[in-house]
Each structure stands twice: as C-alpha cells, then as structure tokens.
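Here is the structure we will look at.
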Amino acid sequence: MLSLSAISKRFSPTRKEGGTEALRDLSFGVADGEFVSLLGPSGCGKSTALRLIAGLMPPDAGTIAWPNGKPPIGFVFQDATLMPWTDAQSNVRLPLDLQHVPRAEGNARAATALARVGLCGFERAYPRELSGGMKMRVSIARALVTRPRLLLLDEPFAALDEPARAALNDDLLRLWQDAPDQKSLTVIFVTHSVGESAYLSSRVLVMTPRPGRIAADIALPPGPRRRLSPEFLEIERRIAAALPAAAA
Amino acid sequence: MTRLRDILLPLIVLAALLGFWEWKVAHDAIPPYVLPAPSAIARALAENFSSLMASLATTLTVTLLAFLAATASALALAILFSESRTVERTFHPYAVVLQVTPIVAIAPLILLWIGYDRVTLAETLIAALVAFFPVLSNSTLGLRSADFNLVDLMRLYGASRLQILWRVRLPTALPFLLSGMKTAGGLSLIGTVVAEFVAGSGAATGLAWRIVEAGNRLEIATMFAALALLAVTGVGIYAALSLLEYWLLRRWHESAIAR
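The listed protein sequences correspond, in order, to chains X and Y. Here my numbering is used: the first residue of the first sequence is 1, the next is one more, and so on. Here my numbering is used: the first residue of the second sequence is 1001, the next is one more, and so on.
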C-alpha cells in the first residue's frame, strides 16, 4: 500500500532552539488489507506521521512511496470535527459535495454510510443533538462515504467513555473485516492505548518518545479476539513490554 | 409564562415611570419649556404626526443604507484579511485609525467634499464609517476561528480556497458577523443622528434635525416626541437583528439554544 522511508519532520525550525523535532528517520511499510496500530506516548509524533501520510503536510526529509498509486483516503480526527451548522446527512455528504456528486446520489450514499455505523434514522439530527460516540460515528461515516481504500484514524476514541469506546472498537473491526474482499480496506490507527491496539490490529508499530521512530514491529495472530481471554492478555503483555521505558 | 413576565414587567415599570412623570409635572407646576408632561408629548406627536413620520422615513432610510453599506464592505474586507495576512498587515492600521478617529470630527469635512446638494449620500457615508469597524473586527475574528481539522479535511478532499471559505469559514463566522451587525445597527442610527446634526438646516429633514429645530423654537414637547421616535427606531433595529440572529442560529449555535 505504502512505505515511509527515513521520514523526518521538525516544527518551527526557525526558532532559536531549533523548534521541536517530531520525527527522525521514521521508516515502515504497510501492506494492502492490514490493520496497523501506531502506538506510542503522547507527543511522540504519531499524529504527525498520519498527517504526512494523508498529504496534509510535507516531510522535511525522506519519502512516502505509493507503489500502486495513492488510493482514496478517509481521515478521522480525535474530535468528531463535524460542521455544527448542518445535519448528520450533510456532514457525511461533504466529501461527495466537494467532488460534485449529484445531490440525490450523495444523500443516498450518505444514508448508506450512516446505516453502516449504526445511525439509521439520524440523517436529520444536528451534531449538538448527538452524544460523543454518535458524533464519532458520523465522523467515521463521512470517512467511509467516499469508499476509501485507506482509512487513517487519529486517536478517534480517546475522548469517549469506556462503553462507547468498546462499542466503536467492535464496529470498526466489523467494518474492516466486512470490506468486500480481504485486501480492500487498509487501516492505520493511531492510539496511546495498549488494549485498543491489541484488540483491533493485525500489526502494532510501537513508537519511541519524541523524536518518533519505530521501537518495535509486532505482528499479531489473526482474530477474532476476546477481551480478558488469556490469549488477549498475552498479546497485551507483549505490546506493553515493547513500549519504551520512558513511556511507562 | 416566562415570556409574559418578560414583556409585562418592563411595561409595568414604564407605566409607573410615565405616571410619576405626569404627576410630578402637574404637582410642581414645571413649565412645559423645561419638562413637558408625557400627555403633552403625546399630543405633540399626534399634532405633528405626518411631518414626524416623514422625518422618521428620512432618518430610517439613511440608517438602513449606511448599515447595509457598512456590513457589506466590512465583510468583504474581512474576507480579504482572512485570506491574506499581507493584506491584513497592510490595511489593518488604517482600519484602526478610522475606528479611533471621532467621526464627528471628520463629518463636516465629508459633507464639504460630497457637497450639500448630495446630503443623503454624505450622511450615509458618515453613518457607515461609524458602523464599519465592529463588523470588520468581528467577521475577521470569526473567519479565522474555523476548526483547523475541518479545514484540513476539506484540503484532503481537494477543496479549493473558495470552497473552504464558503463551506467552513463563512458559516463559522456567522455568529460573529451577526454580533457585529447588532452593534453596527445601533451605531448606524447614532452615525445618522450625528450626520444630521452636522448637515444642519440644508436639505436635512431627519428626526435629529427636527430635535435641533424644535429646541430652537422652544417646542420641547415636539423635541421629546422626535426623541421617543428615535429610541423606538433603535429598539426596532436591535429587535429585528436579534430575531435574524435567533432565526439563523437556533438549530446549532449555543447562544441561540433555549434551555
């Protein structure tokens, strides 16, 4: 799908202290159909890496290669990032509107996307009328509506309470597994939660504190996983052991 | 119940105040050229009704023209400011100079330049200058307050600057713009009154000039009648803009949501 090689990124490099070095020599590849978690402490540059992949900013050094061309991308932020002045359907339709998809087709696709995240019947609801978890579902529906082949999620569930987070984890996993064929949806998931990465991923990339690099690359056995089962706890233990000491 | 109370209580206070005023004037035998009784003011309003209404129309026309001109030009400039830091750095100092200079002081100059034969235009310009700044500063702030992530998302989907402006920045700025417009509505009326005072006897026949004129003739009751009409106009403008604000924001903005 893509490969990053020797990516470096520094913020405000013109300042006297040289600014903040977010990433140094970050290299990793992601294969089609993987569910990769980028796991690391706050401020380790994992969100920066995601933004670089999305093309929202350029790296200072290094390259991001797309062997089969850059696919359509869906992006989900930590906050739902919805437009408060319009309803769920218009929010989900936004990417299609920007691509000049006819209104009727856009509405139909938005309704389908909302149904996929369990929000059937909420087309007319405004963001302020929805709970935090539901807003995040709208945000995911908006990311799915363009039928992306690569889904980038930046700590999407960090602000949610535990039950909402668990429900959304299950739904996200289902969305990824139900993709038309095994390799059609690739997910890169940024998180600072060991449990979340253990539950969702096919592979976990553990990052060092700033400047971020890959500390460990852990391939996980295929799911499904049951929370609190011995196998699951063993996976969690393996990931936690790989976290750099500074993050503990 | 709450609505009734909100309307009724101020009305009771008003009635009590007018009653006390009426009684005080009669009881102390205050001469009408010092303080006319409310009943005398009402009589003056009735007697001069058609000419006062004509004056009100003149004042209202200038006020509304100035308000629309100020809002449109300030919003346009705010969009330029928000799209280009260079433009903002270049022109913002001049906007501030315009703001801190008392317009009353340059009003005679504007009248002189535009000419007494085009007094409506001159008055409109003066009032618009008074009303301009709050719309400019509020809209600029609003346009800059757009959610960064939402703007990034728009870019990710290939949105143009115009699309980002139209779909994200302008809706974000709307509550700010409306708040600026509420201030500008009142300021337009103040600016018009100032302009009419300065324009003097020429072609001006607005309410403010009627106040000056009535004062010169010691028709204090007529003066109060014109003043009352100005106050009602001001309240009307504010109420109309508040209604517009409520109507535009009621579905989504915290400020307009009833609890």
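In this text, a Cβ means the ideal position worked out from N, Cα and C, and glycines have one as well. Everything numeric in this text was worked out from a predicted model, so none of it was measured.
Nearest neighbour of F1145 (chain Y), chosen from Y:P1134, Y:L1153, Y:V1168, Y:A1195 [CA to CA]: Locating residue 1145 (chain Y) in the second sequence gives position 145, where the first residue counts as 1. Before going further, note that residue 1145 (chain Y) is Ser rather than Phe in the sequence given. In this structure, Y:V1168 is the residue among Y:P1134, Y:L1153, Y:V1168, Y:A1195 with its C-alpha nearest to the C-alpha of S1145 (chain Y).
Complete alpha helix (DSSP H) runs within the region 1042-1122 of chain Y (minimum length 4 residues, chain order): DSSP runs (the alpha helix (DSSP H)) wholly in the region 1042-1122 of chain Y: 1049-1083, 1085-1100, 1103-1114.
Rounded straight-line distance, which links the Cα of P1108 (chain Y) to that of V1198 (chain Y): Translated into positions along the second sequence, residue 1198 (chain Y) becomes position 198. Translated into positions along the second sequence, residue 1108 (chain Y) becomes position 108. Put simply, the backbone Cα of V1198 (chain Y) is about 6 angstroms away from that of P1108 (chain Y).
Spatial distance of W1023 (chain Y) from T1233 (chain Y) (CA atoms): Along the second sequence, one-based indexing puts residue 1023 (chain Y) at 23. Along the second sequence, one-based indexing puts residue 1233 (chain Y) at 233. Computed Cα separation, rounded: 27 angstroms.
Which of helix, strand or coil DSSP assigns to S90 (chain X): In the first sequence, residue 90 (chain X) corresponds to position 90, counting from 1. For S90 (chain X), the secondary structure class from DSSP, reduced to helix, strand or coil, is helix.
Proximity below 8 angstroms, CB of I73 (chain X) to CB of L152 (chain X): Numbered from its first residue, the first sequence carries residue 73 (chain X) at position 73. Numbered from its first residue, the first sequence carries residue 152 (chain X) at position 152. In contact: I73 (chain X) and L152 (chain X) (Cβ atoms closer than 8 angstroms).
Buried versus exposed call for W85 (chain X) [16 or more other C-beta atoms within 10 Å across all chains shown]: What you label residue 85 (chain X) is simply residue 85 of the first sequence in a count that begins at 1. So W85 (chain X) ends up on the buried side.
One or two residues paired with G1234 (chain Y) in a DSSP bridge: Along the second sequence, read from residue 1 onward, the residue named residue 1234 (chain Y) stands at position 234. Bridge partners of G1234 (chain Y): none, in fact.
Separation of L175 (chain X) from R116 (chain X), as counted between CA atoms: Working through the first sequence from its first residue, we reach residue 116 (chain X) at position 116. Working through the first sequence from its first residue, we reach residue 175 (chain X) at position 175. If I take the Cα positions, the gap works out to 8 angstroms.
Neighbour list for P95 (chain X) in chain Y, Cβ cutoff strictly below 7 angstroms: Working through the first sequence from its first residue, we reach residue 95 (chain X) at position 95. Annotation: Cβ neighbours of P95 (chain X) in chain Y (cutoff 7 angstroms, chain order): Y1157.
N-terminal and C-terminal residue of the alpha helix (DSSP H) that V1212 (chain Y) is part of: Walking along the second sequence from the start, residue 1212 (chain Y) turns up at place 212. DSSP places V1212 (chain Y) inside the alpha helix (DSSP H), whose first and last residues are 1207-1216.
L82 (chain X) vs V138 (chain X) beta-carbon contact at 8 angstroms: If you number the first sequence from 1, residue 82 (chain X) lands on position 82. If you number the first sequence from 1, residue 138 (chain X) lands on position 138. Cβ distance < 8 angstroms, so L82 (chain X) and V138 (chain X) count as in contact.
Buried versus exposed, by CB contacts within 10 Å (16 or more), L2 (chain X): Position 2 of the first sequence holds residue 2 (chain X). Classification of L2 (chain X): buried, given that the 10 Å Cβ count is 16 or more.
Neighbouring residues, chain X, relative to W1166 (chain Y) (Cβ below 7 angstroms): Position 166 of the second sequence, counted from the start, is the residue given in the question as residue 1166 (chain Y). Within chain X, no residue comes near W1166 (chain Y); the closest Cβ sits about 11 angstroms away, beyond 7 angstroms.
Residue of X:V92, X:P156, X:G118 minimising C-alpha distance to A108 (chain X): Mapped onto the first sequence, residue 108 (chain X) falls at position 108. If we check each option's Cα against that of A108 (chain X), X:V92 comes out closest.
Cβ contact (3+ pairs, closer than 8 angstroms) linking the region 1126-1144 of chain Y and the region 1069-1089 of chain Y: Contact between the region 1126-1144 of chain Y and the region 1069-1089 of chain Y is present, because at least three Cβ pairs lie under 8 angstroms.
Proximity test, K135 (chain X) beta-carbon vs the ligand ZN heavy atom, cut-off 7 angstroms: For the structure depicted, the ligand ZN is absent and the ligand set is empty, with no information on it obtainable.
Residue interval of the alpha helix (DSSP H) (run including V1194 (chain Y)): As a position in the second sequence, residue 1194 (chain Y) is number 194, starting the count at 1. First-last of the alpha helix (DSSP H) with V1194 (chain Y): 1170-1199.
8 angstroms Cβ cutoff, W1113 (chain Y) in contact with chain X: Position 113 of the second sequence holds residue 1113 (chain Y). False, the Cβ-Cβ gap to chain X never drops below 8 angstroms.
Cβ-Cβ distance between S37 (chain X) and L205 (chain X) below 8 angstroms: Taking the first residue of the first sequence as 1, we reach residue 37 (chain X) at position 37. Taking the first residue of the first sequence as 1, we reach residue 205 (chain X) at position 205. Taking 8 angstroms as the Cβ cut-off, S37 (chain X) and L205 (chain X) qualify as a contacting pair.
contact_flag[the region 9-28 of chain X, the region 45-54 of chain X] where n(CB pairs < 8 angstroms) is 3 or more: As far as the Cβ criterion goes, the region 9-28 of chain X touches the region 45-54 of chain X, which means the pair count is three or higher.
Residue ranges of each beta strand (DSSP E) within the region 201-239 of chain X, 3 or longer: For the region 201-239 of chain X, the full-length beta strand (DSSP E) segments reaching 3 residues or more read 203-207, 214-219 along the chain.
Three-state secondary structure assigned by DSSP to T20 (chain X): By 1-based counting over the first sequence, the position of residue 20 (chain X) is 20. Here T20 (chain X) sits in strand by DSSP.
Contact check, L1143 (chain Y) vs S1082 (chain Y), beta carbons under 8 angstroms: In the second sequence, the residue the question calls residue 1143 (chain Y) occupies position 143. In the second sequence, the residue the question calls residue 1082 (chain Y) occupies position 82. Yes; because the gap between Cβ atoms is below 8 angstroms, this pair is in contact.
Contact set for A246 (chain X): own chain, Cβ-Cβ below 6 angstroms, skip 5 residues either direction: For the purposes of this step, residue 246 (chain X) is identified with residue 246 of the first sequence, where counting begins at 1. Note that A246 (chain X) scores 48 on pLDDT, short of 50, meaning its location in the model is unreliable; the coordinates nonetheless yield the value given after this. Cβ within range, chain order: P209.
Residues that R1210 (chain Y) contacts on chain X, provided the C-beta gap is smaller than 7 angstroms: Indexing the second sequence from 1 puts residue 1210 (chain Y) at position 210. Simply none; closest approach about 44 angstroms.
Three-state secondary structure (DSSP) of L2 (chain X): Position 2 of the first sequence, counted from the start, is the residue given in the question as residue 2 (chain X). When DSSP states are grouped into helix, strand and coil, L2 (chain X) belongs to the strand group.
Straight-line gap, L1112 (chain Y) to A1256 (chain Y) (C-alpha atoms, nearest Å): Numbered from 1 along the second sequence, position 112 holds the residue referred to as residue 1112 (chain Y). Numbered from 1 along the second sequence, position 256 holds the residue referred to as residue 1256 (chain Y). Cα-Cα distance, rounded: 44 angstroms.
Under 7 angstroms by beta carbon: chain Y residues contacting R128 (chain X): Here residue 128 (chain X) refers to the residue found at position 128 of the first sequence. Against chain Y, a Cβ distance below 7 angstroms from R128 (chain X) picks out W1252.
Members of the region 1130-1158 of chain Y near chain X, C-beta cut-off 8 angstroms: Going along the region 1130-1158 of chain Y in chain order, one finds D1147, N1149, L1150, D1152, L1153, M1154, R1155, L1156, Y1157, G1158 with a Cβ nearer than 8 angstroms to chain X.
Burial state of A241 (chain X) (16 or more Cβ within 10 Å): Position 241 of the first sequence holds residue 241 (chain X). Counting Cβ neighbours within 10 Å, A241 (chain X) comes out exposed, since fewer than 16 surround it.
Distance CB(S1188 (chain Y))-CB(T1063 (chain Y)) smaller than 8 angstroms: On the second sequence, residue 1188 (chain Y) is found 188 positions in, with the first residue counted as 1. On the second sequence, residue 1063 (chain Y) is found 63 positions in, with the first residue counted as 1. Yes, they are a contact pair.
Status (buried if at least 16 other CB within 10 Å, exposed otherwise) for T1002 (chain Y): Indexing the second sequence from 1 puts residue 1002 (chain Y) at position 2. Exposed: under 16 other Cβ atoms inside 10 Å.
Members of the region 78-95 of chain X near chain Y, C-beta cut-off 9 angstroms: So the close ones are Q78, D79, T81, L82, M83, P84, W85, T86, D87, L94, P95.
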